[in-house]
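For the sequence shown, our numbering begins at 3 and goes up steadily by one.
One structure is given below, encoded as structure tokens.
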Amino acid sequence: MLALTLGLAATAASAIPGLEPGVSRELARWRAQHYRDVRYALAIHIAAGATKLEGTATIDVTLPGSTPDVVLDWRPSPVGARVRELNVNGGRAQAKLEREHLIVPARLLR
Numbered sequence: 003m004l005a006l007t008l009g010l011a012a013t014a015a016s017a018i019p020g021l022e023p024g025v026s027r028e029l030a031r032w033r034a035q036h037y038r039d040v041r042y043a044l045a046i047h048i049a050a051g052a053t054k055l056e057g058t059a060t061i062d063v064t065l066p067g068s069t070p071d072v073v074l075d076w077r078p079s080p081v082g083a084r085v086r087e088l089n090v091n092g093g094r095a096q097a098k099l100e101r102e103h104l105i106v107p108a109r110l111l112r
């Protein structure tokens, strides 16, 4: 499960740069200008004899009021790592996977 808590600040945002696999320098610079107070909390459960880890990642980030979408890095693993559930601001959400990035639509942000 991946949960996002997103806050808004009152500043204008420019368009997200083109996406390519990995994190381009252009995307990293864009994020540095538009994302503030980014915090990650991981809760991992390791069961005895398990072949996979299970857990949650909570990402808190403050965004300008006009950010079009939130772009998170996500490279699916060939052995089955996946996002089972996505929650944005307390509600279930759908994100699009594009070129190793999860894209959370702006309409879900507040």
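We put the beta carbon where it would ideally sit given N, CA and C, even for glycine.
{"Item": "For residue 81, which beta-bridge partners are listed by DSSP?", "Value": "Residue 81 pairs with nothing; no bridge assigned."}
{"Item": "Under the three-state reduction of DSSP, which class applies to residue 21: helix, strand or coil?", "Value": "coil"}
{"Item": "Taking the beta carbon of residue 40 as the centre, do at least 16 other beta carbons fall within 10 Å, making it buried, or is it exposed?", "Value": "exposed"}
{"Item": "Are the Cβ atoms of residue 95 and residue 104 separated by less than 7 angstroms?", "Value": "no"}
{"Item": "Mind checking residue 44: buried by the 16 CB within 10 Å criterion, or exposed?", "Value": "exposed"}
{"Item": "If we ignore side chains and look at the alpha-carbon of each, how far apart do residue 55 and residue 65 end up?", "Value": "31 angstroms"}
{"Item": "For a minimum of 3 consecutive residues, which ranges assigned as the beta strand (DSSP E) are wholly contained in the stretch 23–69?", "Value": "38–47 and 56–66"}
{"Item": "First and last residue of the beta strand (DSSP E) that includes residue 104?", "Value": "103–107"}
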